[in-house]
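Enquirer:
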Amino acid sequence: MIEVIDIHKRYGDIVALEKVSLSVKKAELFGLIGPDGAGKTSLMRILMSLLLPDGGSATMNGLDVVSDYKKVRLITGYMPGRFSLYPDLTVEENLKFFATVFGTTIQENYHLIKDIYQQIEPFKTRRAGKLSGGMKQKLALSCALIHKPEILILDEPTTGVDAVSRKEFWEMLKRLKDMGITILVSTPYMDEASLCDRIALIQQGTLMSVATPQAMIKSFPEDLWTVRTRKIYNTSKLLENLPSMISVNSFGQVLHLVTPKGIYNIGSIQQFLILKGETEISVEPAAATIEDVFILLMNIPKERP
Amino acid sequence: MISREPVITVKNMVKKFGDFVANDNLNFEVYKGEIFGFLGANGAGKTTAIRILCGLSIPTSGDMTVAGYDVFRQTEQIKKNIGYMSQKFSLYEDLTVYQNIRFYGGVYGMKISERKARTTEMLDRLGLTAYENRKIGDLPLGWKQKLAFSIAILHNPKIVFLDEPTGGVDPITRRQFWNLIYEAVEKGITVFVTTHYMDEAEYCDRVSIMADGRIVALDTPEKLKEQYNAANMDEVFLKIAR
Numbered sequence: 001m002i003e004v005i006d007i008h009k010r011y012g013d014i015v016a017l018e019k020v021s022l023s024v025k026k027a028e029l030f031g032l033i034g035p036d037g038a039g040k041t042s043l044m045r046i047l048m049s050l051l052l053p054d055g056g057s058a059t060m061n062g063l064d065v066v067s068d069y070k071k072v073r074l075i076t077g078y079m080p081g082r083f084s085l086y087p088d089l090t091v092e093e094n095l096k097f098f099a100t101v102f103g104t105t106i107q108e109n110y111h112l113i114k115d116i117y118q119q120i121e122p123f124k125t126r127r128a129g130k131l132s133g134g135m136k137q138k139l140a141l142s143c144a145l146i147h148k149p150e151i152l153i154l155d156e157p158t159t160g161v162d163a164v165s166r167k168e169f170w171e172m173l174k175r176l177k178d179m180g181i182t183i184l185v186s187t188p189y190m191d192e193a194s195l196c197d198r199i200a201l202i203q204q205g206t207l208m209s210v211a212t213p214q215a216m217i218k219s220f221p222e223d224l225w226t227v228r229t230r231k232i233y234n235t236s237k238l239l240e241n242l243p244s245m246i247s248v249n250s251f252g253q254v255l256h257l258v259t260p261k262g263i264y265n266i267g268s269i270q271q272f273l274i275l276k277g278e279t280e281i282s283v284e285p286a287a288a289t290i291e292d293v294f295i296l297l298m299n300i301p302k303e304r305p
Numbered sequence: 306m307i308s309r310e311p312v313i314t315v316k317n318m319v320k321k322f323g324d325f326v327a328n329d330n331l332n333f334e335v336y337k338g339e340i341f342g343f344l345g346a347n348g349a350g351k352t353t354a355i356r357i358l359c360g361l362s363i364p365t366s367g368d369m370t371v372a373g374y375d376v377f378r379q380t381e382q383i384k385k386n387i388g389y390m391s392q393k394f395s396l397y398e399d400l401t402v403y404q405n406i407r408f409y410g411g412v413y414g415m416k417i418s419e420r421k422a423r424t425t426e427m428l429d430r431l432g433l434t435a436y437e438n439r440k441i442g443d444l445p446l447g448w449k450q451k452l453a454f455s456i457a458i459l460h461n462p463k464i465v466f467l468d469e470p471t472g473g474v475d476p477i478t479r480r481q482f483w484n485l486i487y488e489a490v491e492k493g494i495t496v497f498v499t500t501h502y503m504d505e506a507e508y509c510d511r512v513s514i515m516a517d518g519r520i521v522a523l524d525t526p527e528k529l530k531e532q533y534n535a536a537n538m539d540e541v542f543l544k545i546a547r
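Here the protein sequences come in this chain order: A and B. Each residue of the first sequence is one higher than the one before, starting from 1 at the first, in our numbering. Each residue of the second sequence is one higher than the one before, starting from 306 at the first, in our numbering.
Right, dumping it as structure tokens:
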């Protein structure tokens, strides 16, 4: 369980976190979704007691991250954003080191890491610095798990990792969650949001929304249309002039057009484009993705008291 | 407009590190004016290939030209005719926006008058004119990446290589970045890009996918989806690379 109440943090003039509050339940897989610089790392470092907040409070399974920091560290596993294992030690030596630091052995908690570690065990005598990106990530997760933590904090574990390894990684997180481990994971990949139980969208130090991915998609407040066209760039420029439209963005091979609820229908959007000379187009209503929600929330100017 | 005129030709490209074959007989062409997506899992050999095509590494064997220059003997000419941008390192954090532009303009041997004219135009286009004396380190990542791209094409190269240019960038800026790519293409620059965002693979004219040092697929996104019976490029990638 993680409780965050009104945490704020500044670096000089830059506000890293602005009164952030959230709670993560036991055995929940909670995703912190946002781009670089949104404040994800600052929040995680505060929870790991590696950084002091300017104000507010946070507890991990009831332990205060400032006053009980030593105990917090014993019950948490942490995978920092940057690869932070010892590159000159082998795979096995790294794992053994982390086990020893926490007063345990690889054997004692092997069951926890078995699925993950087995994949890199054939390379256990290789130096960690010589591993590929996907393998480094598996080793880092094994090291974060070896002391049987109750809570896992994973800072962008899938950044820069290819689509296949990312998929495998999320399958591993699902299994850990099923073992009862509480997981807070951050990612800049919006498509990974749907794999979490609940997510928080974070931007410029503020949580814009917290909900299940399903609820977030369902509560998309405006109309969303998929526009298919042969000339994506051209059609998107035309749609920017559609009266009162909210946004138009490319999503792979199609455009997503957002308009205020109830103003347009398929026919009226098609007509607008045909009048502008676009003939080979199709318009259909679409379900929002987390990325659509994020873009919409980003476009709303922040309210300041 | 995409022609069939190749600006990069790769024939039987092999690169070995000791016993390890990083690039195992690659064959492909990149056409003038296209956006060529170069995809593959981590460790598939993408970076090795890019380093060779940028004139930074000599291949073991093969017959390759970039912008008409030979990758064995004419690496300096290659470097003058290409731009390069990576996610990890793009600009000097301790220098200001203006100083970075001046530095890269100098490295590429641009005339001062030309550099000044293009700097003004570029900062205006990016909306960064008011920030020209800001240190790069103080700018948000998205701004940095857009600026780094603009600087990579400041000297009007024939080809620009982009190595994961949008990693970690917010969804709006990521799309603005792709608009900059389209604008560069309209100016006749060929774009060679790697990405882990599969929606961005759809924005490419053609996409190649590498696995274990080989190119296992190369076609337009449309044809690849058809061939692999997939709804999107994400599915194509998972089917091929898994």
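From the three backbone atoms N, C-alpha and C, an ideal C-beta is built for every residue, glycine too.
When you compare the CB of A/R304 with every CB in chain B, is at least one pair closer than 8 Å?
Expert: With a pLDDT of only 39 at A/R304, under the threshold of 50, the placement of this residue in the model should not be trusted; the figure read from the coordinates follows. False, the Cβ-Cβ gap to chain B never drops below 8 Å.
Enquirer: Using three-state DSSP, classify A/H256 as helix, strand or coil.
Expert: Here A/H256 sits in strand by DSSP.
Enquirer: Just to confirm my understanding: we take A/F98, look at its own chain, exclude 5 residues before and 5 after, and list those with CB closer than 6 Å. What are they?
Expert: Contacts found: C143, I146.
Enquirer: Under 8 Å, Cβ to Cβ, is there at least one residue of chain B near A/F251?
Expert: Output row for A/F251: interface = yes.
Enquirer: Report the residues of the region 407-434 of chain B with a CB closer than 9 Å to any CB of chain A, ordered along the chain.
Expert: So nothing in the stretch comes that close.
Enquirer: In chain order, which beta strand (DSSP E) runs of at least 3 residues are fully inside the region 35-104 of chain A?
Expert: List check, beta strand (DSSP E) in window: 55-60, 76-79.
Enquirer: For a cutoff of 8 Å on Cβ pairs, would you count A/M208 as touching chain B?
Expert: By this cut-off, A/M208 is not an interface position.
Enquirer: Closest Cβ-Cβ distance between A/E291 and chain B: below 8 Å?
Expert: Yes, A/E291 lies at the interface with chain B (some Cβ there is under 8 Å from its Cβ).
Enquirer: How far does the beta strand (DSSP E) with B/G447 in it extend, from its first residue to its last?
Expert: Per DSSP, B/G447 belongs to no beta strand (DSSP E); it is in the alpha helix (DSSP H), 446-457.
Enquirer: Output yes if chain B places a C-beta closer than 8 Å to the C-beta of A/T294; else output no.
Expert: Correcting the residue type first, residue 294 of chain A is Phe in the shown sequence and not Thr. So, interface residue.
Enquirer: List the whole-angstrom C-beta distance separating A/T212 from A/H256, where the pair is believed to meet the contact cut-off of C-beta under 8 Å.
Expert: No, A/T212 and A/H256 are not in contact; Cβ-Cβ is about 22 Å, not under 8 Å.
Enquirer: Do A/L22 and A/L207 count as a contact pair if the criterion is CB distance below 8 Å?
Expert: Against a cut-off of 8 Å, the Cβ pair of A/L22 and A/L207 comes out as a contact.
Enquirer: At a cut-off of 7 Å, is A/L17 close to the ligand ADP when judged by its beta-carbon and the heavy atoms of the ligand?
Expert: Judged by which ligands are present, the structure shown has none, so any question about the ligand ADP falls away.
Enquirer: Decide yes or no for the touch test of the region 433-447 of chain B against the region 386-404 of chain B: beta carbon pairs closer than 8 Å, at least 3 of them.
Expert: The answer is yes - the region 386-404 of chain B touches the region 433-447 of chain B, with three or more Cβ pairs under 8 Å.
Enquirer: Can you give me the C-alpha to C-alpha distance between A/Q137 and A/E93, rounded to a whole angstrom?
Expert: The straight-line gap from Cα to Cα measures roughly 16 Å.
Enquirer: Report the three-state DSSP secondary structure of B/E531 (helix, strand or coil).
Expert: In the structure shown, B/E531 sits in a helix (DSSP, three-state: H, G or I).
Enquirer: Is it right to say B/V521 is buried, meaning 16 or more other beta carbons lie within 10 angstroms of its own, or is it exposed?
Expert: The residue is exposed, with fewer than 16 neighbouring Cβ atoms inside 10 Å.
Enquirer: When you compare the CB positions of B/D504 and A/F169, do they come within less than 8 Å of one another, or not?
Expert: Result no, Cβ atoms of B/D504 and A/F169 do not sit closer than 8 Å.
Enquirer: For B/W448, go through chain A and note every residue whose CB falls closer than 9 Å to its CB, in chain order.
Expert: Result: empty, since nearest Cβ-Cβ is about 10 Å, beyond 9 Å.
Enquirer: Might you give, ordered along the chain, the residues of its own chain that have their beta carbon closer than 8 Å to the beta carbon of A/L89, omitting 5 neighbours on each side?
Expert: So the list reads F97, R127, A128, once near-sequence residues are dropped.
Enquirer: The region 485-507 of chain B: which residues have C-beta closer than 7 Å to a C-beta of chain A, in chain order?
Expert: Those residues of the region 485-507 of chain B that come within reach of chain A (Cβ to Cβ, closer than 7 Å) are Y487, H501, M503, D504, E507.
Enquirer: Please report whether the beta-carbon of A/D36 lies at a distance below 8 Å from any beta-carbon of chain B.
Expert: Judged by the 8 Å Cβ criterion, A/D36 is in contact with chain B.
Enquirer: Closer than 7 Å by beta-carbon distance: list the chain B residues that pair up with A/S132, in chain order.
Expert: Within chain B, the residues near A/S132 are N347, G348.
Enquirer: Could you give the distance in angstroms between the alpha-carbon of B/L428 and the alpha-carbon of B/D510?
Expert: Roughly 28 Å separates the two Cα atoms.
Enquirer: My understanding is that A/V258 touches A/E291, with C-beta atoms under 8 Å, so please give their C-beta distance in whole angstroms.
Expert: 12 Å between Cβ atoms; not a contact.
Enquirer: Counting only the same chain and skipping the five closest in sequence on each side, list residues whose C-beta sits under 8 Å from that of A/I75.
Expert: Around A/I75: M60, N61, L63, P149, E150, I151.
Enquirer: Within a Cβ cutoff of 6 Å, which residues of the same chain sit near A/Q204, ignoring the five residues on either side of it in sequence?
Expert: Answer for A/Q204: no residue qualifies.
Enquirer: Give me, in chain order, the residues of the same chain whose beta-carbon lies closer than 7 Å to that of A/K177; leave out the 5 immediate sequence neighbours on both sides.
Expert: Answer for A/K177: A27, L29, I183, listed in chain order.
Enquirer: Which bits of chain B does A/M216 rub up against, with CB to CB less than 9 Å?
Expert: Those do not exist, as A/M216 stays about 14 Å from chain B at its closest Cβ, beyond 9 Å.
Enquirer: Rounded to whole angstroms, what's the CA-CA distance from A/G56 to A/T158? Just pull it up for me.
Expert: Taking the straight line from one Cα to the other gives about 29 Å.
Enquirer: Please list, in chain order, the residues of the region 458-479 of chain B that have any C-beta partner in chain A closer than 8 Å.
Expert: Taking 8 Å as the Cβ-Cβ cut-off against chain A, the residues of the region 458-479 of chain B that qualify are E469, G472, G473, V474, D475, P476, I477, T478.
Enquirer: In angstroms, rounded to a whole number, what distance separates the CA positions of A/V161 and B/R423?
Expert: When rounded, the distance between both Cα atoms is 36 Å.
Enquirer: Roughly how many whole angstroms lie between the Cα atoms of B/G367 and A/L139?
Expert: Their Cα atoms are separated by approximately 37 Å.
Enquirer: Note down, in chain order, all residues in the region 215-242 of chain A with a beta-carbon under 7 Å from any beta-carbon belonging to chain B.
Expert: From the region 215-242 of chain A, only Y233 have a Cβ closer than 7 Å to chain B.
Enquirer: Indicate whether A/M216 and B/P476 have their beta-carbon atoms separated by less than 8 Å.
Expert: Cβ atoms of A/M216 and B/P476: not closer than 8 Å.
Enquirer: Secondary structure at A/R304, three-state DSSP: helix, strand or coil?
Expert: Note that A/R304 has pLDDT 39, beneath the 50 cutoff, so the model's placement of it is unreliable and the number below is only indicative. In the structure shown, A/R304 sits in coil (DSSP, three-state: anything other than H, G, I, E or B).
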